[in-house]
Each structure stands twice: as C-alpha cells, then as structure tokens.
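Engineer: In order, the protein sequence lines correspond to chains A and B.
Using our numbering, the first residue of the first sequence is number 201, and each one after it goes up by one.
Using our numbering, the first residue of the second sequence is number 2, and each one after it goes up by one.
Where a beta carbon is used, it is the ideal one built from N, C-alpha and C, also for glycine.
Handing you this structure, nothing more for now.
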Amino acid sequence: MQSVRYEAPTSLDQAARTLLGSENAKILAGGTDLLVQMRLGLKQPGLLVDIKNIPEIMQLTLGDDALRVGAAVTGALVGEHAEARRLFPGFVEALGLIGSSQIQGRCSAGGNLCNASPAADSVPALIANRALCNIIGPAGARSVAVESFNTGPGKNCLAAGELLVSIDLPLPAHRSSDAYLRFIPRTEMDIAVAGAAVALSLDEAGICTAARVAIGAVAPTALLVTAAADALIGSALDEASLHAAAAAASAACSPITDKRGTADYRRKVVGVLVRRAAAIAKSRIEAQA
Amino acid sequence: MQSQRKTHVSTTVNGEPREFLCEPHQVLSDVLRNTLNLTGTKEGCNTGDCGACSVLLDGTLVCSCLVLAAEVEGKGVVTVEGIGEEGKLHPIQQKLLEHAGLQCGICTPGIVIASRALLEKNPDPSETEVRYWLAGNLCRCTGYDKIIRAVLDAGAVMRGQ
Numbered sequence: 201m202q203s204v205r206y207e208a209p210t211s212l213d214q215a216a217r218t219l220l221g222s223e224n225a226k227i228l229a230g231g232t233d234l235l236v237q238m239r240l241g242l243k244q245p246g247l248l249v250d251i252k253n254i255p256e257i258m259q260l261t262l263g264d265d266a267l268r269v270g271a272a273v274t275g276a277l278v279g280e281h282a283e284a285r286r287l288f289p290g291f292v293e294a295l296g297l298i299g300s301s302q303i304q305g306r307c308s309a310g311g312n313l314c315n316a317s318p319a320a321d322s323v324p325a326l327i328a329n330r331a332l333c334n335i336i337g338p339a340g341a342r343s344v345a346v347e348s349f350n351t352g353p354g355k356n357c358l359a360a361g362e363l364l365v366s367i368d369l370p371l372p373a374h375r376s377s378d379a380y381l382r383f384i385p386r387t388e389m390d391i392a393v394a395g396a397a398v399a400l401s402l403d404e405a406g407i408c409t410a411a412r413v414a415i416g417a418v419a420p421t422a423l424l425v426t427a428a429a430d431a432l433i434g435s436a437l438d439e440a441s442l443h444a445a446a447a448a449a450s451a452a453c454s455p456i457t458d459k460r461g462t463a464d465y466r467r468k469v470v471g472v473l474v475r476r477a478a479a480i481a482k483s484r485i486e487a488q489a
Numbered sequence: 002m003q004s005q006r007k008t009h010v011s012t013t014v015n016g017e018p019r020e021f022l023c024e025p026h027q028v029l030s031d032v033l034r035n036t037l038n039l040t041g042t043k044e045g046c047n048t049g050d051c052g053a054c055s056v057l058l059d060g061t062l063v064c065s066c067l068v069l070a071a072e073v074e075g076k077g078v079v080t081v082e083g084i085g086e087e088g089k090l091h092p093i094q095q096k097l098l099e100h101a102g103l104q105c106g107i108c109t110p111g112i113v114i115a116s117r118a119l120l121e122k123n124p125d126p127s128e129t130e131v132r133y134w135l136a137g138n139l140c141r142c143t144g145y146d147k148i149i150r151a152v153l154d155a156g157a158v159m160r161g162q
C-alpha cells in the first residue's frame, strides 16, 4: 500500500487521460472494497484515481426516461431520494443492504458493480430493472446492459482506460414494481448466501405482462434468468407460476459450496427467494394508487 | 517504506481550518491520530467492520479507516473531539455515562459519532432503527442494550422531552 500515488481529476477527460497514462492504475470510488483489498495485499495499484470530484460521476438525476445514478453516488444518497425509493424500491433496498451505516456513506451501485463480487446485492436488482451502464474510454462512449458488465468473480468488461460513468435505470411502466431479497444467517452486516431480484408489470386485471428475474451469489456473476420471467409472464402470479419461476431459477444457477452455504442449499434457497420477491413486487403494484 | 512526495491537504476539522502533509496511502484515521493528535478517534479493525474510527465527512457518517487522508481536501471532518463542549457533555455522551453504555471505551467515540448522525437525520428513532443504524459499531463489553437505551434517551433529551 505504501508506494501508491493519488490523483483526483475533476473532469471525465482528465480522468481518462490519467488512466491512460498509467499502467497500474485503479479507480477509487468509495474505497470500501478497494482500500480493504489493498490493506490485505490482494491489490497493489501504483496509482489511485479518485473519481468523486467529477460531476457526472456524482449525479443522481431523474430524467424523462431514466433515473441516472452516477457511478460513485453513495447508498446513503440513493436511500434518501424519495423518487428513487418510489420507482425502484427493490433496487434501493438492495443497495441499502450493503454494509453498515458507515459503509453506506461511501459505497455505490457503480462500485458494487465494478468490484464484481458474485454476491453483490445491488447487481441483481439492477439487472431486473434493465439498467444500462454508461462507459467512457479511449474509443469514446459506449453503453452496456448491466447483465453483460461482469464477466466473472472480480472481473468486468472495462477495457484499459475505460471508466464507468453512470448507470441508467429506465423508468418503469405504469403498474410496475420490483423487489430484492437475500438470504443471510443473521439480520444485518453479512454477505448474501443467495439473492434474487424480480421486476414486474401487471395489467389492470392483475395479469403479468412483463417480468425480469435476476439471481445473485449462485453463479460466477449475477444472472438474468429469462426462463423464470417467462414462467411469470401471462400468469396471474398464482402459486403454480411462482413455483415454476422458482424451479427455473434453481435450474439456471451454478452455485459453489463454501463457508456461507452448500451448492445444494443455495440452489434451493434461490428459488424460494425468487418466489417471495415476485410476491412482494406484486403486492407493491397492488398497493399503488 | 518507500519515500514519497507528500500530499498537502487543507481541510476543516471540528470547525477549525487545518492543514497537514500525508503520504498518498495514509488513511484519515491515521492522520487524525498521529499527525493531528486527535486520538479520540480509535483504530479497531482497519477494514471498515467495527466502526471505532467513525467520523462525519461533510456531515456523512463514514469509517475514517476507509477514507484516504488526501480525499478530505476542502471537506469538513467532525470527530468525537468536536462533540460536546469543554465541561459540558453532549446529551449522547451524558446518557451513555448515565446508562453505563461503555466499559473499556474503545467503541464509544464511534458510537457517539454514529448516534449523532442518526439523531440529526431521525430525531425520534425506534429501538429497531437505532439497533440497525448502530449495527456497524461493534462493542465487546456492554452487550449493546445499555447503548441502545442511552441513544433513545439522548434523543428524547434532544427533542426537549
């Protein structure tokens, strides 16, 4: 950790130039993963590029089409955003589950995504909500669907010199909502054994017209499970459809056995979480005026 | 340790302008304690798990072990030394004393800071809200119950009840 340099660019251009000019640079957002990894000797960057002085990285704005969450906007700020809570309650809850109140003051959806832990809580919720990642780099700007952003544990799709600027959550259709559930063996301050996010749209008769199901901590990356969504679409979210979605999620995952749980246990629990998250999303839509 | 060009930082600590030189890798808790001699902030785990190093950074509760000292350029830091006045404890400090919400005292500065952040945002929290908010402040002495009661009681005092 001793020989690192520190730069705090104030514009995206400056950040891109700084990143390109250094071989062993790491982007510093909230630091709640990176500084710990550095202290443990897991990462030894030569340069830390603090992106929190860049306006685009720190914006949290509700546009006509999407909620734009700058890459380093903190969990605490998103949690205080009333419109974010109303539009994406599941995403806001998932982000709010990361760490303690202290960690919430620093952690971000962008950091959670780039750190690429398979158990990241906010990532399934972003996937369920069709989020788009806005990236800039030497070749210009590009957008990537969030489910394609991470490529493995600790690995993401950013090329050398690229930077995640913001995440767009498209505004949900009328009569839509989402939910995220994770299983941990305690009530707070733990890492998901399994997680599931569901985003739903219902018609006036209560029939599901659109659905996205994403699961976490049960594969090398969070997964979009189309088969689980297909089990819900066209149904009234009755018990049989919910169980079919759960079975599809269990079938789609490829969990490992580790100290947090066995593969068999994770496979079973993730289905239960999908079923329950779908029921919560449905009840949220029904509670809308 | 490799010699580095030090970073010059101008910041505000407990309302006073302060300047210091730091190495790029140094975290805020280190500089507060060892450069600015503000040893009220404690170092516990140094990995953001225990909350002993809690400070307010521009009003936001953070672990100062997970903030680089260089990051506080132009920002405002509040440590436990900035809570209460000489000879007059803040209600949170007073109630922690009255309820015996501390024994060894290592977690206490972090508890004071975190509780103040909570009561500022939410002057009348439920017991559950206090317990969740303080979930990142570990205490191995008290069993937490006395701390939770002290914070609830301090909230009542601060609301004028």
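Quick one: list the residues of chain B neighbouring D250 of chain A, beta-carbon separation under 7 Å, in chain order.
Structural biologist: Working through the first sequence from its first residue, we reach residue 250 of chain A at position 50. The contacting residues are E72.
Engineer: Whole angstroms are fine: how far does the CA of A215 of chain A sit from the CA of T209 of chain A?
Structural biologist: In the first sequence, the residue the question calls residue 209 of chain A occupies position 9. In the first sequence, the residue the question calls residue 215 of chain A occupies position 15. Reading off the sequence, residue 209 of chain A comes out as Pro, not Thr. One C-alpha to the other measures close to 5 Å.
Engineer: Measure the alpha-carbon distance for R117 of chain B versus G161 of chain B and round it to whole angstroms.
Structural biologist: As a position in the second sequence, residue 117 of chain B is number 116, starting the count at 1. As a position in the second sequence, residue 161 of chain B is number 160, starting the count at 1. Going by the C-alpha atoms only, they are around 16 Å apart.
Engineer: Since P124 of chain B and M159 of chain B should fall inside the 8 Å C-beta cutoff, what is the C-beta to C-beta distance between them, to a whole number of angstroms?
Structural biologist: The residue labelled residue 124 of chain B in the question sits at position 123 within the second sequence. The residue labelled residue 159 of chain B in the question sits at position 158 within the second sequence. So it is a contact: roughly 7 Å between Cβ atoms.
Engineer: Look up C64 of chain B in the DSSP assignment and say whether it is helix, strand or coil.
Structural biologist: Within the second sequence, the letter at position 63 stands for residue 64 of chain B. Reduced to three states, the DSSP call for C64 of chain B is strand.
Engineer: Please list, in chain order, the residues of the region 295–319 of chain A that have any C-beta partner in chain B closer than 9 Å.
Structural biologist: Flagged, chain order: G299, S300, S301, Q302, I303, Q304, G305, R306.
Engineer: Along the region 380–410 of chain A, what residues have a CB closer than 7 Å to any CB found in chain B?
Structural biologist: Under the 7 Å Cβ criterion, the region 380–410 of chain A contributes E388, M389.
Engineer: Of all the CB atoms in chain B, is at least one closer than 8 Å to the CB of G231 of chain A?
Structural biologist: Taking the first sequence and counting its residues from 1, one reaches residue 231 of chain A at position 31. G231 of chain A counts as touching chain B.
Engineer: What number of angstroms, rounded off, separates the C-alpha of S11 of chain B from the C-alpha of G60 of chain B?
Structural biologist: Translated into positions along the second sequence, residue 11 of chain B becomes position 10. Translated into positions along the second sequence, residue 60 of chain B becomes position 59. Whole-angstrom Cα-Cα distance: 17 Å.
Engineer: Which runs of the beta strand (DSSP E), 3 residues or longer, sit entirely within the region 6–69 of chain B?
Structural biologist: Listed in chain order, the complete beta strand (DSSP E) runs (minimum 3 residues) inside the region 6–69 of chain B are 8–14, 17–23, 55–58, 61–64.
Engineer: Output the distance between the C-alpha atoms of G494 of chain A and R475 of chain A, rounded to the nearest integer angstrom.
Structural biologist: Given that chain A is displayed from residue 201 to residue 489, the structure contains no residue 494 of chain A and the question cannot be resolved.
Engineer: Starting from the beta carbon of Y206 of chain A, find every residue of chain B whose beta carbon is closer than 7 Å, and list them in chain order.
Structural biologist: Residue 206 of chain A sits at position 6 when you count from the first residue of the first sequence. By Cβ distance, chain B contributes T8, P25, L69, A71.
Engineer: Taking the C-alpha atoms as reference points, what is the distance between V292 of chain A and G88 of chain B?
Structural biologist: Sequence index remark: in the first sequence, residue 292 of chain A carries index 92 (1-based). Sequence index remark: in the second sequence, residue 88 of chain B carries index 87 (1-based). Taking the straight line joining both Cα atoms gives about 43 Å.
Engineer: Got a sec: is the Cβ-Cβ distance from Q3 of chain B to anything in chain A below 8 Å?
Structural biologist: On the second sequence, position 2 is the one that residue 3 of chain B refers to. With a pLDDT of only 47 at Q3 of chain B, under the threshold of 50, the placement of this residue in the model should not be trusted; the figure read from the coordinates follows. For Q3 of chain B, the answer is yes, since a Cβ of chain A falls inside 8 Å of its Cβ.
Engineer: Using a Cβ-Cβ cut-off of 8 Å, state whether G156 of chain B counts as contacting chain E.
Structural biologist: No chain E appears in this structure, whose protein chains are A and B.
Engineer: Listing by chain order, which chain B residues have their CB less than 8 Å from the CB of V236 of chain A?
Structural biologist: Walking along the first sequence from the start, residue 236 of chain A turns up at place 36. Ordered by position in chain B, the residues that pass the 8 Å Cβ test against V236 of chain A are T48, G49, L67.
Engineer: For a contact meaning CB atoms closer than 8 Å, what does A284 of chain A contact in chain B?
Structural biologist: Sequence index remark: in the first sequence, residue 284 of chain A carries index 84 (1-based). Per Cβ cutoff of 8 Å: no residues; A284 of chain A is ~17 Å from chain B at best.
Engineer: Closer than 6 Å by C-beta to N356 of chain A: which residues in its own chain qualify, once you throw out the five before and the five after it? Chain order, please.
Structural biologist: On the first sequence, residue 356 of chain A is found 156 positions in, with the first residue counted as 1. Excluding positions up to five away in sequence, the list reads C314, A316, F349, N350.
Engineer: Which one of B:L62, B:C66, B:E72 has the shortest CA to CA distance from E207 of chain A?
Structural biologist: Your numbering for residue 207 of chain A matches position 7 in the first sequence. With distances taken between Cα atoms, E207 of chain A lies closest to B:E72.
Engineer: Kindly indicate which three-state DSSP category T274 of chain A falls into: helix, strand or coil?
Structural biologist: Translated into the one-based positions of the first sequence, residue 274 of chain A becomes position 74. Of the three classes helix, strand and coil, the one that applies to T274 of chain A here is strand, per DSSP.
Engineer: Under DSSP, the beta strand (DSSP E) around T351 of chain A begins and ends at which residues?
Structural biologist: Position 151 of the first sequence, counted from the first residue, corresponds to residue 351 of chain A. Per DSSP, T351 of chain A belongs to the beta strand (DSSP E) from 350–352.
Engineer: Taking only three categories from DSSP, how would you classify I227 of chain A?
Structural biologist: If you number the first sequence from 1, residue 227 of chain A lands on position 27. In the structure shown, I227 of chain A sits in a strand (DSSP, three-state: E or B).
Engineer: For R239 of chain A, go through chain B and note every residue whose CB falls closer than 7 Å to its CB, in chain order.
Structural biologist: Sequence index remark: in the first sequence, residue 239 of chain A carries index 39 (1-based). Within 7 Å Cβ-Cβ: N47, T48.
Engineer: Within 10 angstroms of the Cβ of H26 of chain B, are there 16 or more other Cβ atoms? Answer buried if so, exposed if not.
Structural biologist: By one-based count along the second sequence, residue 26 of chain B stands at place 25. By the neighbour-count rule (16 or more Cβ atoms within 10 Å), H26 of chain B is buried.
Engineer: Rounded to a whole number of angstroms, what is the C-alpha to C-alpha distance between E17 of chain B and I298 of chain A?
Structural biologist: Taking the second sequence and counting its residues from 1, one reaches residue 17 of chain B at position 16. Taking the first sequence and counting its residues from 1, one reaches residue 298 of chain A at position 98. Answer to the nearest angstrom: the Cα atoms are 33 Å apart.
Engineer: For the region 32–40 of chain B against the region 460–475 of chain A, are there 3 or more C-beta pairs whose distance is under 8 Å?
Structural biologist: No: the two stretches stay apart, fewer than three of their Cβ pairs being nearer than 8 Å.
Engineer: As a quick exercise: from A:R466, A:P318, A:A449, A:L247, pick the residue whose alpha carbon is nearest that of P353 of chain A.
Structural biologist: Walking along the first sequence from the start, residue 353 of chain A turns up at place 153. Closest option to P353 of chain A, Cα to Cα, is A:P318.
Engineer: Please state whether DSSP places K169 of chain B in a helix, a strand or coil.
Structural biologist: As shown, chain B starts at 2 and ends at 162. That puts residue 169 of chain B outside it, with no answer to give.
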